[in-house]
Each structure stands twice: as structure tokens, then as C-alpha cells.
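Numbering (this note's numbering), first residue to last: 200 to 587. What follows is a set of notes on a single structure, which appears directly below.
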């Protein structure tokens, strides 16, 4: 009997006439996630995928990778057989072995000569004769899906992350700091189908500084969901030099506006559709309603804030769940932690715009982009490379 993993997807079924585009993207993402793994092929069975394994396929590693692919609802070990009672029951017995199971059967095609209830009755006959062990309360479930001439059976269930396939909603520039929030924001953006391009501003002498390894590792960890990602690493000192004459109370919101403008330029270069930030309403001085309004005013790109309604503990809990928390709390000199005891919390649009123009931030943008280092980063265990 062939070794198979049957992969199911969830909300993609709501996409109507656009469904094929989402399914094709998910298939591509599954193959990317399994790069380097030994398997035979991925077969698109319209409402599910069947992953055909080889004798040397590592089920544990493959399952771990599939469990991070957005768009997958759940998956499990399975078989595909002819829709004929003897074949179904024989394959089921081989699949479950001596396990005590609950059988759930579904007949999608009413043209099949026997019903799902009749099939369950046949399984009960096997149990009465001692050839199978059934228990309607068992947590171990054998799912039988009869579709025309073929029947799909899965035993065991591993949850996928659900959501939409990464890339199906376009691209996004993610403002990535060295803190806890922005990696979580990136996770949620990817879950809604956005492919991330990361932008990080650093305070070191060069974009090759060893201290930046924390940021590279964070992106590599997130790449378990996206396959690969491009990251722009740009220096802070250009902004810092231009901001010397600006009141300290406005330095933080001015920097945030500068970041948005940088992200706009990266978005234009990369064909991205929006900017993603880790901002949560009211969490710090720059994230009051007034400051969010003033810093974003006039920005042409759509700004998405997945964490806007979450409190800090909720964000921390999610960071721990997705595995970015320990990376985020490693010691790091983060320019996004600029602070002032007199930080402005109710910035005015026109005043901020005046400081921005008078300090020559448009020229600073161009100079900063010229100094950008662009890196292609792959998931943990894969090689990353410098582009520029």
C-alpha cells in the first residue's frame, strides 16, 4: 500500500470562481515548503491534495513543514482506493492496524451503490467478528470520503494553520524591528495571504554587523511560512543627522513618518500592495490615535496594522506560540526604541510635515535607500544570500 499524506484546505472553498488561483498558489507553496524533502509527487485532487511519499520519506519532518503552510486546514496519513466495500475495508484495516478507532464515512456521489451508513455497518460486522476494533467514543478517527470511483481515507489528524496561501493576496512591506510585536504582525499578514518583504533600520556601522544576526534569524524563522523572503537593511544615521534640529518631543513621530516613506519606496520597487506594522493602539507614545493619524497622513500606500486591537500580553502569547518570542527578547540595540520623557502624544499633521520638510528628509530617504543592503533569506537550514 502506497504511503500517502492527504491534505485538506479550508476557506479557499469560499473563493468561488477565483478558487483555482488560490489552490494553485497553495500547491506551489506546499512544494516550496517541502524543498529538499524526499517524496514522489503532489497530486491535486480538486478538493484536497495527495502527497505521495517514498520509502525514505521522513514523515516527521514533512509533517512539521506542512503544519506551517498557510491555507492548509488539516492533514493525515491516508490511502486512496477503489470505491468498493472489500477494497475500502481491506485498506482501512491495513491503515489503522490494531488501533481502536471511530469511523466517519461520507458519500459525496449519490450514484455509489451503497450509502455511508451501509459502509459503517460493514465496519461493524468486521468489529463483531474481531477483525477490527471500533469505538464510537475513540479520539482516533478513520475518515472515509467516497467520491465517485475513488475513496480517500485518512487516519489521524494534524492541524494546519488555516488562512490563505502566502502570496495569494499580494505583497507587503513589513516594518520589522528587533522587538516582539512586528514578527507577530508579519505572521498575521502572511496568514491572510500577503507575501512579506522586510524592511529593518539598524544603528550599526554597516548592514553586515554581526549584531544583525538576530534580525536575520527572526526572518529565517518566519520563512517557514513563506519559503523565502527579501529583507532591506538600511542605516539609521542618515535620518539621525537630519533630525538634529527637530524638538526631541517630535523625534519619535518624525522617525515613524520617515519609516513609512521608506516603506513606500521599497513597496514601489518590489511591487508591494501595502505596508504592515506591529503597531497596537495606545501601546507606546507613537501609537496614540493622533500620532498614528499624523505620521500616516499623506502616505500613498495602504497601512495594515494586524495588532491594532491586541494588548501586550496577547501579542507576547502569540509570539511564544509561533516561536519568535525568544528571538525577539535577545539583547539588541533597536533604533525603534527611540524615546523621550517628553515624547509628543498628540502630534499635529502640519507641524510634523513642517519638521519633515525643513530637516530635508526627502533627501535623507534617497541617501538611505542608496545605502540599503538587500538580502534574500530562506527558512532555517537553507542558505541566505546578499543581493546588494
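Don't be surprised by glycine CBs; every beta carbon is placed ideally from N, CA and C.
| task | Tell me the start and end of each unbroken alpha helix (DSSP H) in the stretch 432-486 that is at least 4 residues and wholly inside, in chain order. | result | You should have 436-441 and 447-469.
| residue 408, DSSP secondary structure in three states | Residue state for residue 408 is assigned as coil, using DSSP reduced to three classes.
| message | Please state the DSSP three-state secondary structure of residue 244. | response | DSSP places residue 244 outside both helix and strand once states are collapsed to three, so it counts as coil.
| query | When the Cα of residue 306 is compared with those of 491, 346 and 335, which residue comes out closest? | reply | Checking every option, the nearest Cα to that of residue 306 belongs to 346.
| message | Relative to the C-alpha of residue 437, which candidate in 235, 409, 404 and 319 has its C-alpha closest? | response | 404
| task | Leaving aside the five residues before and after residue 422 along the sequence, list all residues of the same chain whose C-beta is less than 7 Å from its C-beta, in chain order. | result | 428, 576, 577 and 578
| DSSP state of residue 267 mapped onto helix, strand, coil | In the displayed model, residue 267 falls within coil according to three-state DSSP, outside both helix and strand.
| field | DSSP three-state assignment for residue 551, whether helix, strand or coil | value | helix
| message | Can you look up residue 346 in the DSSP assignment and give me helix, strand or coil? | response | strand
| query | Can you tell me the Cα-Cα spacing of residue 384 and residue 535, whole angstroms? | reply | 15 Å
| message | Let's see if you can read the secondary structure: which residues bound the alpha helix (DSSP H) around residue 566? | response | 560-569
| task | State the beta-bridge partners of residue 351 as determined by DSSP. | result | 279 and 344
| said: Quick check on residue 575: does DSSP put it in helix, strand or coil? | reply: strand
| said: By alpha-carbon positions, which one of 494, 251, 281 and 472 ends up nearest to residue 449? | reply: 494
| request: Note down the Cα distance separating residue 574 from residue 432, rounded to an integer number of angstroms. | output: 8 Å
| query | How would you call residue 258, buried or exposed, if buried means at least 16 neighbouring beta carbons within 10 angstroms? | reply | exposed
| Helix, strand or coil: how does DSSP classify residue 274 here? | Residue 274: strand per DSSP, three-state reduction.
| task | Can you check the stretch 295-350 for any alpha helix (DSSP H) of at least 4 residues that lies completely inside it and give the ranges in chain order? | result | 315-327
| query | When the distance is taken between beta carbons, is residue 418 closer than 7 Å to residue 397? | reply | Yes, these two residues count as a Cβ contact at 7 Å.
| One or two residues paired with residue 503 in a DSSP bridge | Residue 503 pairs with 475.
| Alpha carbon to alpha carbon, what distance is there between residue 519 and residue 585? | Here residue 585 scores only 49 on pLDDT, less than 50, and its place in the model is too uncertain to base an answer on.
| request: Enumerate in chain order the residues of its own chain whose CB-to-CB distance from residue 517 is below 6 Å, with the five nearest sequence positions on each side excluded. | output: 383
| request: Would you decide whether residue 581 is buried or exposed? Buried here means 16 or more other CB atoms lie within 10 Å of its CB. | output: Any answer about residue 581 is weak, because its pLDDT of 48 lies below 50 and its placement is not dependable; what the coordinates show is given next. Residue 581 comes out exposed.
| Per-residue burial, residue 486 [other beta carbons within 10 Å of its own, 16 or more giving buried] | buried
| query | Residues in its own chain within less than 8 Å of residue 506 by CB, not counting five upstream and five downstream? | reply | 380, 383, 384, 387, 477, 478, 479 and 514
| field | residue 212, buried or exposed, once every other Cβ within 10 Å from all chains shown has been counted against 16 | value | By the neighbour-count criterion, in which 16 or more other beta carbons inside 10 Å mark a residue as buried, residue 212 falls on the exposed side.
| query | Mind checking residue 528: buried by the 16 CB within 10 Å criterion, or exposed? | reply | exposed
| field | Nearest to residue 456 (by Cα), restricted to the options 425, 500 and 472 | value | 500
| field | Given residue 209 as reference, the closest of 358, 291 and 442 once Cα atoms are compared | value | Distance from the Cα of residue 209 is smallest, within the candidate group 358, 291 and 442, for 358.
| request: Could you tell me the distance, in whole angstroms, from the CA atom of residue 544 to the CA atom of residue 490? | output: For residue 544 and residue 490, the distance between alpha carbons rounds to 6 Å.
| said: Contact between the stretch 330-347 and the stretch 291-303 is defined here as three or more beta-carbon pairs at a separation below 8 Å; is this criterion met? | reply: yes
| query | The beta strand (DSSP E) with residue 238 in it runs from where to where? | reply | Careful: residue 238 lies outside any beta strand (DSSP E) and carries neither H nor E.
| Is the beta carbon of residue 311 less than 7 Å from the beta carbon of residue 353? | no
| If you draw a straight line from the C-alpha of residue 497 to the C-alpha of residue 552, how long is it? | 10 Å
| According to DSSP, what are the bridge partners of residue 426? | Paired residues: none, contrary to the question.
| In three-state terms, what does DSSP make of residue 545? | Coil at residue 545, not helix or strand.
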